[in-house]
Every structure is written in C-alpha cells, then in structure tokens.
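What follows is a single structure, written as structure tokens, with notes after it.
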Amino acid sequence: MVVYGGNVHTHYQEEKCYEDGIFFYHLGCHQWVSGAELAPPGTPEGRAAPPSGRYSHVAAVLGGSVLLVAGGYSGRPRGDLMAYKVPPFVFQAPALDYHLDYCSMYTDHSVCSRDPECSWCQGACQSAPPPGTPSGACPAASCLGLGRLLSDCQACLAFSSPTAPPRGPGTLGWCVHNESCLPRPEQARCRGEQISGTVGWWGPAPVFVTSLEACVTQSFLPGLHLLTFQQPPNASQPDKVSIVRSTTITLTPSAETDVSLVYRGFIYPMLPGGPGGPGAEDVAVWARAQRLHVLARMARGPDTENMEEVGRWVAQQEKETRRLQRPGSSRLFPLPGRGNKYAVEIRGQLNGSAGPGHSELTLLWDRTGVPGGSEISFFFLEPYRSLACSSYSSCLGCLADQGCGWCLNSATCHLRQGRAHCEDDGNGESLLVLVPALCPLCEEHRDCHACTQDPFCEWHQSTNRKGDAACSRRGRGRGALKNPEECPPLCSQRLTCEDCLANSSQCAWCQSTHTCFLFAAYLARYPHGGCRGWDDSVHSEPRCRSCHGFLTCHECLQSHECGWCGNEDNPTLGRCLQGDFSGPLGGGNCSLWVGEGLGLPVALPARWAYARCPDVDECRLGLARCHPRATCLNTPLSYECHCQRGYQGDGITHCNRTCLEDCGHGVCSGPPDFTCVCDLGWTSDLPPPTPAPGPPAPRCSRDCGCNFHSHCRRRGPGYCDECQDWTWGEHCERCRPGSFGNATGSGGCRPCQCNGHGDPRRGHCDNLSGLCFCQDHTEGAHCQICSPGYYGDPRAGGSCFRECGGRALLTNVSSVALGSRRFGGLLPPGGGTARAGPGLSYCVWVVSATEALQPCAPGTLCPPLTLTFSPDSSTPCTLSYVLAFDGFPRFLDTGVVQSDRSLIAAFCGQRRDRPLTVQALSGLLVLHWEANGSSSWGFNASVGSARCGSGGPGSCPVPQECVPQDGAAGAGLCRCPQGWAGPHCRMALCPENCNAHTGAGICNQSLGVCICAEGFGGPDCATKLDGGQLVWETLMDSRLSADTASRFLHRLGHTMVEGPDATLWMFGGLGLPQGLLGNLYRYSVSERRWTQMLAGAEDGGPGPSPRSFHAAAYVPAGRGAMYLLGGLTAGGITCDFWVLNLTTLQWRQEKAPQSIELPAVAGHTLTARRGLSLLLVGGYSPENGFNQQLLEYQLATGHVGVWSPEWDAPNRSLWPFCGLP
C-alpha cells in the first residue's frame, strides 16, 4: 500500500497541514517499509523531496507500477496531475522469458534485511521462500507478520483461518503463559520453562490455544491483578485493571487526586519435598514501599473470605522494606508444597500531599535463594479468580476476576467455564470480553449525552482549563451531570452565537457561516478554510460581536462582513451593517437606515462606506479636544492641535508659555523672562526701530563669526568672548594644544586620543593628524603599546612597567612604572630577567628624583618619591619579597642583603584589595626584588616624583597643587591642598573643622587631628558621649603631618604601658630601618607630645638589650615601676627580667631567688594583678615551643610559681585575647 499526502495536525506539536511524504506499508508482513533506505540511488526517495504536499486529492494505479495523483488542496485547489513510478520493492515489471530477482540489487546485508521480501543467504540477497518451504531454506527474518500485533487470545484466533487471504497469516495459536500469538507451525516456540528448577503453577506442559472458543476456558494468564482506584474509590468499579507479571510498580502522584493501588491474586510457594512436612522451611516475603501507605493481607489458603493482616505502615520519604508476618509469628505459608496457593492482597495508598517524587511498591521473597530477596516471578503468581461473577456490575469490576467474562450487549458478568458467547440479543451472538483493555471506559465518551447515558459515568467541567469538560467514573466529582436531560444542547443545535458560547462550552461560533461547531472538530469540519474566523468561550474577547454591536466606523470596518452607513455632514452619526462594496446586505437606502436607527430625519443625506471610513471634520463639528490656547486643523481621518504663538506643547493636554519669537538657533530660557538663549556661535540682530509687518524674524539667526565655538555677547559679531570645544585664536580658528582637527570645519577639534600618555610639552599630539607624541615609555599612534624594555597595557590610562633586567639606574624621574610581572608572571629567560640560579630571580632598581645619583643634601629642594604597589602583586612571603630603601642600602657595596637603616618597607603577600604606598623622602629610592619559585609570582609598582613647575612635568596630579620653592628657579613641589594629607590627598585634616562652630572641639594644626571638648568624641568631635560609650580617638598620625620627627613611631613588636601623671611609656620593638630597638619614649596625653627618655642602670651597666616581642607591665605601687620580661634579642630569645623606676629612670635586673626558673619566651603577655603580682601567659621559644604554664611573680617576695584561680577565688578571672595557637 502506497500512501501520499493528507492533512497532518498534532496540536501544539505538528502543524505541517500538507503532508508531502510517500510511505509504504507491506500488507503481508503488516509493517511500514522505509522508502529512503530501500529506493535505488537516483529515485526521488533516495535523492530529493517529492512535490509539495496536499490533501483531498484522488489517486489511481497505472500499469501496476505508476501512481497517478490528481488535484487536491494545499491552500488553494490544485489542478495538476502527477505520476509517480513506485520503486522495485513495491512492483516488479515482468520480463518475457527472463526471471529477475530484484532482491539481488541489494549488496549490503543491512539493507537486504530491511526488505520483508528478501533474505540474506549464502553471501547474497535473495527473495524469501514462500510459506511452507522445507526447513533449511533461508527465512525472511525481516517479515514481522501479523501475530506480533495481536496481544490477546481472542484477537489472535479471530484472524486464524486455514483458508487465509493472500499473504495472510494462516493458522495461528495462542501461547498462554508467554502471551504471544504464533503461527501454528511454530508451536514449538511455546515451550515450558523453569525457574530455580521449578515449573510454573500451571504445570510442565504449556497451554497452546488453537480455537477461538477455547480462549474462554483455557487462556488463564499468570501474574497478579493490579487495580487502580482514583479518589473516592468505588470497589465495584475500579478505574484501571491489568494483569502484571512484575511485582514492582512505580508511579508519579497525580496533580488532582490521590490514588490507591491493589495487588490481588494467589501465591504458590511450591517448595520441593511434598506438601509441607514438619521439616519444611518457611518462605519470607517482604514489601518494599516509598511514599505509600501500605496494608498487606493474606489468607491461610485460597479462600479470600478470611484474610489476615500481615503488615501495615505509613508512608516514608525513602524506600523502606518490611517483612510480612502473620499474627503470633505463625508460618506465612503453612503448607508450602506444590499445589497449595494462598490468596494475597497488597494495598498501597498514594497521598498527593506527600510531595513530589516517585512512589514505589514491590513484593520480594527469598524462595529463589537470591541474597537480599528477589521479585516474585509470575511462575508463582496467579491473578485473582473466583466463581462469584454474577455479583459484578461493571466491566472492569468483572475482569478484575479472571474466572469471569463480560457481555457487552447485556452489560452482565458471566462465569467463563461453560460458555464462550453472550446470549443472542437479536443482533447475533458476541464473544465474552476477557481483556480489561477492551472494556468501555468513561473517558471514551466525547459529549455529555453519551457520557450521562452510561450508568457508570458522569460529565463534569475541568477545574484546570476553562471550557474543557470530560467524562469520568461516576462519583468522582461534585456538581457533575448524571442525567442526559441536564446536558446542554449539542453544538450543532445552538443557533445563535450567545447560545453557542454559553456556559464555557466546547463550541465555537463561525462568523462567516453563522454556525456553531465543536471546536475539537474544526479541521474535519472546515478542511478547506471554509470558516475564516471564529469566537470561542476561552480565548475570544469580546465575543459574539455582530455588525450592529460596533458603534464607530473604525471598529465597524475591522470586520470584513461590515460596512458603515454615516451621515454626510457628521459621519460619526451612523450604523454598522452587514454588506460589501456594493452596499448594505439586502439593499436599502443609507439615509433610511440611519434615520430609523438614530431617530434622524430621513431626508438627511447619508453615505455607505466599506473600503475606508469617511473623513470627519472634528474642528467644525466641535469634536476636537484641543487645549484652550491651541488652534484646531482638520486632516484626513483626524485633526491636529497647534499651540498659539508664545505657547508650546502637544496642543491637547497642555500649551505652556514660551518665548514670543522663534528662537531659531537657540532655546527659550523659560520663566520668568521667556527670552531666547542662543546656541554657541549664534547671536541676534538688534530689532529695527519700526517693526515690519508679518511675524518677526527669528532670534539667534546671526553668525558670531567664531566658527561656532564661542559666544559674542560682549562686543557683537566678529569678537569672540571665549573659545570652547578645544579651540583658540581671534576667531576660534585654531585647535588648542592637546587636541587636533580643523577648527573651521564641521569636524571641529577633538581631544588627543593618547590614553593619557601624551607629552604636554609637545601638545600631546599632532594638531592635524592626531598622532600622539608619547611619553611614559609608550609608543604607537595612540600610545597604546609599551616601548621595548617595558611591559603592560597602557590603554585607558594604564601603565608600562620597566622590565626586570637585573640592575637598572633611573635618574631625573618624574614618574615611572616598574615590576617583575609580565602578563601574569616573570619574564622568560630571554626577556631580560637576571637569574642567579635555577628558579631564582632578582632585580635592583635605583631611582633618583634628580640628575645626581645620590640623596638630596640637607636644606635643598628635595622632592620625595612615592612608591605604590598594585593590588595584583603576588609575592608569597616564604619564597619572595620586595625591599624598599630610602637612600643607598649597604648591600649595594657588599652584595649581601642585611639589616639596613635605610629600609623603609618590606613587601610580600597576595590578594590585596587596595594599593600599598610608601615614600622615600631623600629623593633616592632603591628597590630590591628576589624570588625563588613559581613564574607566576611578581609585582607591579609605580614611582612618582613630587616635582612640578620648571624642570618638572609641568603639573601635579589632581588634587595636588604645585607650590613654588624659594631659590628653585620656578620649580616647586606637589603638595596637598589645605585641609588634606596623605600620598593621594585623601585624608582630611581635622574633619569638618572639628565642629568648632558648635564648641565640640578645636583643630591641632601641627598634628592635623581634632581635640574634642568634654562630652564629645570621634574624628570630627561630632559624637556626643553619654558616659558609658567607648569611642576611639586618634592622638597622632604621622601621615597627617609634614613633620618627619615622628618617624620613630614606625616600629612593631614593642610594648607600651600606662605610667604616672597621664603618661604612656614605650620601649623597644623592631624598626625596618633600624632593626631591634632599645630606646625609651614617654608620651604626655595632656600635651600630645612624645619625648625620648635616657635611662641608666643602677649597676652602671647598659640596661636591657634592644629587643622585640617582649612583655611589659606597670605597677603603680611606690614610685611606679615598669617591669620588662623576655623577648627576641640579637642573641636569640631571652628570659631576663628588668624593672624600671619611672621616677629615677634607673633600670634594675631582677635576680631574686626563685623556686621556678623563668622560661625564655617571646610573644607572651605580662599582666599586673592588683599590684600584688605579675602573671605570665603564653610565649614561644624554638627550644621549648609554646609555654603551657601560667606563672605568677610575687612582687613582695620575688617568688615565682604556677598560678591557679583556686588559690585566689575572689580574683580568679583572666581574659586572654587572640594570639598565635
């Protein structure tokens, strides 16, 4: 059978409409054959698509090999005739005295196997032998046959006949326990099988049914009944019935209702060894469930009347397996031998509120010996079967019992044993229905009348989609229709649009045919576009709009069936009527239609409009909605509103006052003056003494003569006020330095595009071409690339960094960028990086702000050098570092990196969120980089000089200002504007002037910080203190003061304790330029001043050696003393113990007898306890590790011991904070 064309439509998926494919169906083998795979090369199937598709055509066969197709529809009626020659696998033309086996043209085994007529034999493709050929011949393996499509016994044997039609299936038989339809000669394929050495409950011989009547009495399938009940359940009418061979079912919860699942049938344990002797073992059965409420019941035999509960549990989110057990833990199968069966019923309740996810119910047992149990095979399962057939009232309820069959014509259930047909009802006998899939279902009814006539069904509207209705089992929903008299009329019985779409129906109203039809049948009802448009109750708004319902001409003419009869003087007065170009439908005079409909005199002329609406003079008729200060102008199909002179706006909602004159090349200033403000380069002529008739000349219409780059308000045309747009000159005819172009042309002057690297001394770029004069070690037309020896991305103001090249001397530097990174890593060996050994990289840069390669002499103009490290620097502290020196370090002479007083910074680390900045005040900066490790490590930094003015870069970076220096020949230094400090002038001095106007504080000019009055605090003295509030106060910040005397504060690892008379005492620490420190400083809080104190030793010695990470404590008893313990010295970690008399400034080393020796520690704390003792907490030394003891030093006796809070109950609280664990 050859199929071509047709109307294809799958809603929401396939919208092809006109099928253009050719399809082949083998009538003998009952299967589709692919033309594209079997057609020879060069044919349409194998090379190109056939002509465009169509439907409603006719076809005929010519000579057995040509398909003729005539006419059809594909958006228009077609009048063509096509001829299609079918391929050889459809028809082979006979040749006289010559036999041609067309199968031989297939040279590939896979292609041969796709043709049902052919088989692959002895290395070649040959025609398949006819049925009945002796064994040994090559079979047509690809011919699937009819049997595979027949899924039940009655269907199989209904097609079985000894006198088969041509190419028919012949005699067939039904293999019950394999559920397969086989040709009678292949009965051997229906053979008995075993599992675990056991044959099925039906016995060793398979059941092979050969007559239609025997299906009723012999075709009893293995497995279990699976019943599905929607809520609320009806035990006599299941919603779904099937016989399943697997004891596992998985389902997804319905979005609307809950579901109950019921396994029902019999289990045959069939243990070997007879019908259950005293030594026979029991069989364990489990139920595995997920998201189901489970109830399991089992009888002690085949009797279903006395079922015992063997398991019950509620739903679980995860899978749970439980064993089925009888009450009293008796045997599940009392007699497990062959021939004994036990009725079982497993009910699972799916609750829709259990949440999304799959639900599962599985039956397992250990009968087969599989560890952990296995599913129960259908060899041991029999569906439910009884003799109570007459008690079932529905088809599915009847077929939930395999002993019963359903009679469709009488709607009764009968016992299968003894009868194969229903009683004759006058229309002949009919077979009993044995398969649940053949039961009539409520869902098959498509209209209310058919649904409600079925006693088991009801009709209800869908709650999810408007306009949708469905037929379902009776008792499912509230408000459902159960009586045919309650059903609304059929679509074809509804005569008006309103009736058609009433009650959210499934009908649609066709406007062009004035008929109501079932919308689901639209394609079948109007296959050739007979209905141009429709209304339905779901999507159409507004609905049922007839011509009489349109009130304006514009709405009327939107519908093709309508035209407008309108009054000639005022066409808005009219009626919308059915009609076309010739006039209203049925004729008639427009004046009569308008007069009757609107109550106007019939004598008033009216005109028919169908193609377009007539023009309405809204201005004359007073229909225009213009502003009171606007004038109406009629236009075709509309009107315009123009504001009067001296006003502007849309003319409808607003007309706002504006300049009385036309501002020409300018804009109106607005209130209160309403005068013209001319655009740049334009001015206005003086008004004439006597105004000329007509509207005044526009203002701002006179050229200033400044090439449109300046006003000429002061002296008039020809005299430019101030050139703008990067221009200068008497008439703004030249481009300013830093720009290029033609000031007199339309392009004007444009700023140089040099990425911020143009040389200002040369004007940044060429004033005609725009080519940049680059600085900052950049090159290119726009300074967009770095010069040789530099790397980076200079675009958008980026920097070019001096490559790491071993040693570099840079003098007279105003700004330079340098680093060891290039595109995220160190340079390759050939890129200039010096390497002292495998994996080791180092560089040294000597940068001077002057020509001389030495620090500035005292008293001379010395611009500091500011060094800024980029946040993208990556220098792991254990393997790389950067050292910065203010002046020459000693290692430049010796080559050995060591402690040096000129060291001002040591950098290492990764992932910083902001730049780091230091300054070399001597005007000479030395930078040393060294790394040993990954090539991705390195840093980028920039160095800038504070020089400006003559001999400098000419200007300072914003917001710094150039301050001339005396005797410096015009040169100066960049300084922050008044009130600001820091390398980038971002730190405010005395913020908000300390709110001095409110009396909250005053500014200390020398320190740059606020001194707050009593009751006020915060950096700007704006915080009012309430007595219990803690506010940090900055007493001194060296970054806020130009005085370098406070650089001694730059240290770490030092100690500071409170002293007498509101003083603070600082000792020791580590300074980067100085190394370990041993000096003593006192800070007066009231004077806000530091003083270096010179202390001696009572024994005439030097006192405590310089150190860091030591501990100190102040004891005010007596004259007041500061105690000092341990720390890191040049000789290592020490344990010496010192006391300083803060009155006499004399050191004394404590050497009193001690019961416990003080440990040598660093990084510890020393805490005074009520002036009685000192507590030593923590500390570390390489020899002893971390100090684990809490030691106490008695001030009165000098005794040292381990402190315990139990000895000092009233004062036993100690609060350590942070530290290194």
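Per the working numbering, the very first residue in the sequence shown carries number 16; after that it's consecutive. All C-beta atoms in this analysis are idealised placements derived from N, C-alpha and C, irrespective of residue type, glycine included.
Do the CB positions of residue i and residue j come within less than 7 Å of each other?
i, j, result
"Phe534", "Ala523", "yes"
"Cys634", "Cys656", "no"
"Pro651", "Asp630", "yes"
"Thr759", "Asn722", "yes"
"Val859", "His943", "yes"
"Gly363", "Val309", "yes"
"Gly581", "Gly594", "no"
"Leu882", "Phe900", "no"
"Cys1237", "Cys472", "Residue 1237 is absent from the model: the chain starts at 16 and stops at 1236."
"Gly1194", "Gly1178", "yes"
"Gly1068", "Leu1085", "yes"
"Leu53", "Phe104", "yes"
"Leu242", "Val256", "yes"
"Ala108", "Ser80", "yes"
"Asp718", "His726", "no"
"Cys1284", "Cys422", "The chain is shown from 16 up to 1236; residue 1284 falls before or after that span and cannot be answered."
"Pro732", "Gly744", "no"
"Val1154", "Glu1172", "no"
"Gln141", "Cys118", "yes"
In terms of residues, what are the limits of the alpha helix (DSSP H) holding residue i?
i, result
"Glu52", "50-53"
"Cys413", "410-414"
"Glu576", "Unbroken run through Glu576: none, as it is neither H nor E."
"Gly733", "Taken as a continuous stretch (DSSP letters only), Gly733 belongs to no alpha helix (DSSP H), as it is neither H nor E."
"Gln305", "Note, Gln305: premise wrong, no alpha helix (DSSP H); beta strand (DSSP E) at 300-305."
Excluding the 5 residues flanking residue i on each side, which residues of the same chain have their C-beta closer than 6 Å to its C-beta?
i, result
"Leu675", "Gly661"
"Ser889", "Gln925, Trp952"
"Gly834", "Phe816, Phe954, Asn955, Ala956"
"Thr646", "His657"
Can you find the residues in the same chain that come closer than 7 Å, C-beta to C-beta, to residue i, ignoring five residues on each side of it along the sequence?
i, result
"Gly316", "Tyr357"
"Val1046", "Gly1032, Gly1033, Thr1038, Leu1040"
"Tyr88", "Arg69, Tyr70, Ser71, His543"
"Cys546", "Cys525, Ser527, Thr528"
"Asn10", "Because residue 10 is not part of the residues shown, which for the chain are 16 to 1236, the question remains open."
Quick check on the DSSP output: the beta strand (DSSP E) that includes residue i runs from which residue to which?
i, result
"Gly661", "Run containing Gly661: none; DSSP gives neither H nor E here."
"Gly1074", "1070-1074"
"His308", "308-314"
"Gly589", "589-595"
"Leu139", "First, the amino acid is wrong: residue 139 is Ala here, not Leu. Ala139 -> beta strand (DSSP E) spans 139-142."
"Gln1209", "1206-1209"
Run through the DSSP bridge pairs and tell me what residue i is partnered with.
i, result
"His240", "Ile258, Arg279"
"Gly213", "For the record, residue 213 in the displayed sequence is Thr; it is not Gly. In DSSP, Thr213 forms a bridge with Ile210."
"Ile264", "Leu376"
"Thr742", "Cys750"
"Thr1182", "Leu1190"
"Ile37", "Tyr19"
"His726", "Bridge partners of His726: none, in fact."
"Asn582", "Ala621"
Which term fits residue i, buried or exposed, when burial requires 16 or more other beta carbons within 10 angstroms of its beta carbon?
i, result
"Val862", "buried"
"Gln799", "buried"
"Thr1237", "Any property of residue 1237 remains undetermined from this structure, which presents the chain solely from 16 to 1236."
"Pro177", "exposed"
"Arg491", "buried"
"Gly207", "exposed"
"Val1215", "buried"
If I measure Cβ to Cβ from residue i and keep anything under 8 Å in the same chain, skipping five residues before and after, which residues do I get?
i, result
"Asn585", "Val631, Leu636"
"Gly1135", "Gly1074, Pro1075, Tyr1129, Asn1156, Leu1157, Thr1158"
"Pro974", "Cys991, Pro992, Trp995, Cys1000"
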